[in-house]
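What follows is one structure encoded as structure tokens, with my remarks underneath.
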Amino acid sequence: MPPLIEILKQSEHFLKSKGIATAKLDAELLLSHLLRCNRLFLYLHPRDDMRECLLSQFQHLLSRRGNREPLQYIIGEVDFYGLSIAVDGNVLIPRHETEELVDMIISRFGNRPIGSILDLGTGSGAIGLALAKHFTEANVLAIDANQNALSTAQKNAMRNGITNIRFKVGDWLEGVDGTFDMIISNPPYLTDEEFENAQDEIKNFEPKFALVSKNNGLADIFKIIGTAGKSLAKDGTLALETGSSQHESIASFAKNYFDKLESMGDLNGEDRFVFLQNPRNLVSQVT
Ligand SMILES: C[S@@+](CC[C@H](N)C(=O)[O-])C[C@H]1O[C@@H](n2cnc3c(N)ncnc32)[C@H](O)[C@@H]1O
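In numbering that gives the first Met the number 0, the protein residues as written are 0 to 286.
The structure is reproduced here in structure tokens:
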């Protein structure tokens, strides 16, 4: 049997040959996932042999990654804002920018009483669960059009012991009763072309329904902006993650529905988040 250090070297070489930029790290993460150890262990025990049955399991994991399946789907989980979030092919892998959005909300509203939060397009449940964990007094409603995604989100609530959240199948705000102090969404916002040009990990494995929207990627954002006013409490906030080139179009559309819009950048300085307040309470015709 080859020792761990040799297996690591060969795996790195294999993943590099498949064009994976993070080949070394991915090999370490896959091996430590299989051996249920941390990465340091691999280097503290470089001469340990691996049992035959584990070796063939590792080769299977490695070939999945070689086919460009995202590491997070293979390992089956991702850390999101300190939560362990299970991910599978029904849900988008939560992104770091989305953690930034959660962080902005907590920095800005963290000390105020927030009674109700609506997470639209919850996917794995990442946003809703992170906010439910922080705003322990709040009731969180998490909606998604995809029942399979909601099953994963529900499991994630149990996995993290979070109980102040409930899940509902729905089409954005249709049939949503009551008002919320905070409505938050990371809706689909890619164009078809952006999706087709995305890396294989995204294009071949993540759900297109979770990523792509009509009207240059703006249809779902416009639908939410056009209909959220009726569901926002007085002084409530609608917070959205968006594409980086969409803010001009969003500002021009949103001024018909909200009196206050703030456009915010991510850590790379790209326009990625919009906060809307003071809805005009128009009856929306957005379809
Ligand atoms: C970009 S993903 C975001 C997932 C998760 N909130 C996150 O940030 O990682 C968009 C989500 O919106 C959901 N979705 C798409 N169209 C929808 C609709 N009409 N109503 C409700 N949810 C929808 C998708 O199923 C997907 O889970």
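Where is the CB? At the ideal position from N, CA and C, for every residue including glycine. Note that the structure is predicted; figures quoted are calculated from it, not measured.
Cβ of residue i within 7 Å of any heavy atom in ligand 1?
i: Asn214; result: no
i: Ile4; result: no
i: Phe208; result: yes
i: Pro186; result: yes
i: Asn145; result: yes
i: Val101; result: no
i: Leu39; result: no
i: Thr121; result: yes
i: Arg91; result: Sequence check: residue 91 is Leu here, not Arg. Answer for Leu91: yes, Cβ within range of ligand 1.
i: Thr190; result: no
i: Thr97; result: yes
i: Ile161; result: no
i: Gly174; result: no
Measure the C-alpha to C-alpha separation of residue i and residue j and round it to an integer number of angstroms.
i: Asp258; j: Leu34; result: 55 Å
i: Leu119; j: Gly268; result: 25 Å
i: Ile220; j: Leu28; result: 36 Å
i: Leu128; j: Asp270; result: 25 Å
i: Asp234; j: Ile183; result: 14 Å
i: Gly169; j: Pro187; result: 15 Å
i: Ala137; j: Ile164; result: 9 Å
i: Val273; j: Leu70; result: 30 Å
i: Leu61; j: Lys17; result: 11 Å
i: Leu260; j: Ala227; result: 14 Å
Which of the three DSSP states, helix, strand or coil, is assigned to residue i?
i: Lys132; result: helix
i: Ser283; result: Its pLDDT being 49, under 50, Ser283 is placed unreliably in this model, and the coordinates cannot settle the point.
i: Glu173; result: coil
i: Gly75; result: coil
i: Leu54; result: helix
i: Phe204; result: coil
i: Asp234; result: strand
Tell me where the alpha helix (DSSP H) around residue i begins and ends.
i: Lys222; result: 218-227
i: Phe194; result: 191-195
i: Ala156; result: 146-158
Looking at the unbroken beta strand (DSSP E) that takes in residue i, where does it start and where does it end?
i: Arg46; result: Element bounds for Arg46: n/a, residue is neither H nor E.
i: Asn255; result: Element bounds for Asn255: n/a, residue is neither H nor E.
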